[in-house]
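In the UniProt record's numbering, the protein residues as written are 1 to 347.
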Amino acid sequence: MAKANGGQLCVQMNGKKENEEAPYPEIDGWFVQQYNPLWPGEAHYIKVEKILFQGESEYQSMMVFQSSAYGKVFVLDGLLQLTEKDECAYQEMITHLPLCSVPNPKKILLIGGGDGGILRELSRHASVEEIHICEIDQMLIDVYKRFFPDIAVGYEDPRVKIHLGDGIEFLKSVPKGTYDVIILDSFDPISHVYSITASPVFEFAANALRPGGVMCTQAESWWHSSIVVEDLIADCRQIFKGSVEYAWTTVPTYSRHDLPLPFALSPHHSQKNLKTIYRDGVIGFMLCSTAGPSVDFKNPINPIESKKDVGVAKRPIKFYNSEVHKAAFVLPSFAKRVTVSKPLSDL
């Protein structure tokens with residue numbers, strides 16, 4: 001829980017009790033995020049100008065503060081989730097990588113994404129007729145609308161329909177072949193439900209997609225847990241039966257910390273491994289298509305930058321373009337070796 005005490009911002013994390021000595025220096029006027037003991041000597045500090053909000057919902061604690069370098073910052077359960085300065089790199093990539101890879105996507109499902117940023121980016125696509133979002137925490141939506149209106153503006157799109165509830169249960173109930181695109185956003189309150197790590201959520205997603213439909217979800221960074229990335233790719237190829245590709249982007253403030261990985265795939269992913277991701281400014285994405293019309297994720301066929309319609313967004317696209325899209329699939333040699341998909345016959 002984040003606390004302000006005499007102008008000093010202190011974050012208690014990883015089960016550390018309030019009266020225990022902090023293993024990191026507390027600097028007056030700075031937000032500090034402590035990292036996993038596996039990474040000794042590391043911490044992330046951001047200078048705080050003013051604490052704007054602190055509260056707690058049924059599911060999690062939330063804090064918003066004005067920083068000196070990154071604009072407003074949103075903190076969830078003591079973990080930095082989003083800043084105004086660099087949110088565009090994540091929101092735009094997780095949205096436009098899948099939608100620009102298919103012709104005329106019409107019906108979209110977003111699991112999570114309560115901040116509204118992905119909705120904002122979805123609104124730029126004129127072909128889209130329906131946008132369904134399943135978010136478990138109404139308070140999170142309200143806080144984003146209040147303090148991040150340029151991000152939460154996505155809720156103003158009349159094509160958006162909000163479903164309040166558990167993301168897995170919603171996905172499980174979707175009739176077969178309903179959606180053209182499904183986006184699973186792991187920075188979402190549904191990650192508080194640890195049972196999600198044991199559920200066949202990707203099977204539910206594959207069932208909910210039409211033939212040739214696509215899914216995009218956040219994946220591991222190639223700097224860490226490369227074997228997990230390899231396993232994710234292998235499992236996705238088994239489940240979706242179409243194209244599977246790994247892409248990445250950079251978001252400076254997404255640093256290493258404990259975070260539940262909400263979308264497990266198979267029994268060989270242990271509960272211990274799934275509970276920890278070490279963020280390092282690199283975020284991976286897994287893009288998958290179901291059997292049907294082939295999808296070439298590496299070459300966008302539906303370029304968003306050529307369209308004049310910006311939807312409900314209050315600004316043009318800031319990060320994504322077709323060149324960045326193609327570059328997102330270019331990996332360093334060591335990462336390429338472990339992300340090359342095995343033939344289905346070898347799985």
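Built from N, CA and C at the ideal position, the CB exists for glycine as well. Being a predicted model, the structure only gives us computed values, none of them experimental.
Quick check: is any heavy atom of the ligand GDP less than 6 Å from the C-beta of residue i?
{"i": "A335", "result": "Of the ligands one can find in the structure shown there are none, so the ligand GDP has no counterpart to examine."}
Comparing alpha-carbon positions, which option in the options lies nearest residue i?
{"i": "L122", "options": "V310, H325 and N321", "result": "V310"}
{"i": "G71", "options": "V214, Y90, E92 and V48", "result": "V48"}
{"i": "N299", "options": "P103, E129 and L140", "result": "P103"}
{"i": "Y246", "options": "Y254, K318, K336 and R210", "result": "K336"}
{"i": "K161", "options": "A219, E130 and A234", "result": "E130"}
{"i": "T83", "options": "I111, G114 and Q66", "result": "Q66"}
{"i": "F147", "options": "K50, K107, I168 and P252", "result": "K50"}
{"i": "L184", "options": "V214, S173, L164 and K176", "result": "V214"}
{"i": "G116", "options": "D231, C100 and D137", "result": "D137"}
{"i": "K326", "options": "T249, V143, I118 and E220", "result": "T249"}
{"i": "S173", "options": "I151, Y155 and P200", "result": "P200"}
{"i": "F329", "options": "V312, L287 and I317", "result": "L287"}
{"i": "G167", "options": "C134, D157 and E156", "result": "C134"}
{"i": "S101", "options": "K85, G177, D86 and V244", "result": "V244"}
{"i": "K107", "options": "L52, V143 and G177", "result": "G177"}
{"i": "P175", "options": "P316, G29, L109 and K307", "result": "L109"}
{"i": "V143", "options": "F53, P303, Q81 and S294", "result": "F53"}
Looking at residue i: is its Cβ nearer than 7 Å to the Cβ of residue j?
{"i": "M62", "j": "L76", "result": "yes"}
{"i": "F204", "j": "I239", "result": "no"}
{"i": "C216", "j": "I94", "result": "yes"}
{"i": "K314", "j": "V153", "result": "yes"}
{"i": "G114", "j": "I151", "result": "no"}
{"i": "A126", "j": "V251", "result": "no"}
{"i": "E156", "j": "V282", "result": "no"}
Any beta carbon of chain D sitting closer than 7 Å to that of residue i?
{"i": "S57", "result": "In summary, chain D is missing from the structure at hand, where a single protein chain is found."}
Roughly how many angstroms separate the alpha carbons of residue i and residue j, rounded to a whole number?
{"i": "Y179", "j": "G212", "result": "10 Å"}
{"i": "D296", "j": "H132", "result": "25 Å"}
{"i": "P105", "j": "V64", "result": "34 Å"}
{"i": "M139", "j": "H44", "result": "27 Å"}
{"i": "H163", "j": "K145", "result": "17 Å"}
{"i": "D258", "j": "A208", "result": "Reliability fails at D258, whose pLDDT of 40 lies under 50, so the model's placement of it is uncertain and no value is given."}
{"i": "V324", "j": "L97", "result": "10 Å"}
{"i": "E230", "j": "Q218", "result": "14 Å"}
{"i": "D124", "j": "F319", "result": "The residue asked about is misnamed: residue 124 is Arg in this sequence, not Asp. Rounded to the nearest angstrom, the two C-alpha atoms are 14 Å apart."}
{"i": "Y254", "j": "K85", "result": "12 Å"}
{"i": "E220", "j": "R237", "result": "17 Å"}
{"i": "I233", "j": "L99", "result": "20 Å"}
{"i": "I317", "j": "S294", "result": "27 Å"}
{"i": "F334", "j": "Q81", "result": "28 Å"}
{"i": "Q33", "j": "G292", "result": "45 Å"}
{"i": "K307", "j": "S57", "result": "39 Å"}
{"i": "M1", "j": "G29", "result": "Low local confidence applies: a pLDDT of 37 at M1 is under 50, so the model's placement there is unreliable, with the coordinate-based value given in what follows. So the two alpha carbons sit approximately 17 Å from each other."}
With a 10 Å radius around its C-beta and 16 neighbouring C-beta atoms as the bar for buried, classify residue i as buried or exposed.
{"i": "P149", "result": "exposed"}
{"i": "F74", "result": "buried"}
{"i": "I301", "result": "exposed"}
{"i": "F31", "result": "buried"}
{"i": "G284", "result": "buried"}
Considering only residues of the same chain and omitting the five flanking positions on each side of residue i, which have a CB-CB separation below 7 Å?
{"i": "N321", "result": "E305"}
{"i": "T290", "result": "A206, L209, P211, G212, G213, F240, K241 and G242"}
{"i": "R159", "result": "V128, E129, E130 and I131"}
{"i": "I27", "result": "Y45"}
{"i": "G165", "result": "C134 and I136"}
{"i": "E87", "result": "G117 and I151"}
{"i": "P303", "result": "C100 and S322"}
Skipping 5 residues on each side, what residues in its chain have a beta carbon closer than 6 Å to that of residue i?
{"i": "G55", "result": "M62"}
{"i": "A69", "result": "none"}
{"i": "A91", "result": "According to the sequence displayed, residue 91 carries Gln and not Ala. Here the set comprises G117, I118 and E121."}
Whose C-beta lies closer than 8 Å to the C-beta of residue i among residues of the same chain, with five residues either side of it excluded?
{"i": "P332", "result": "W222"}
{"i": "F170", "result": "I111, C134 and H163"}
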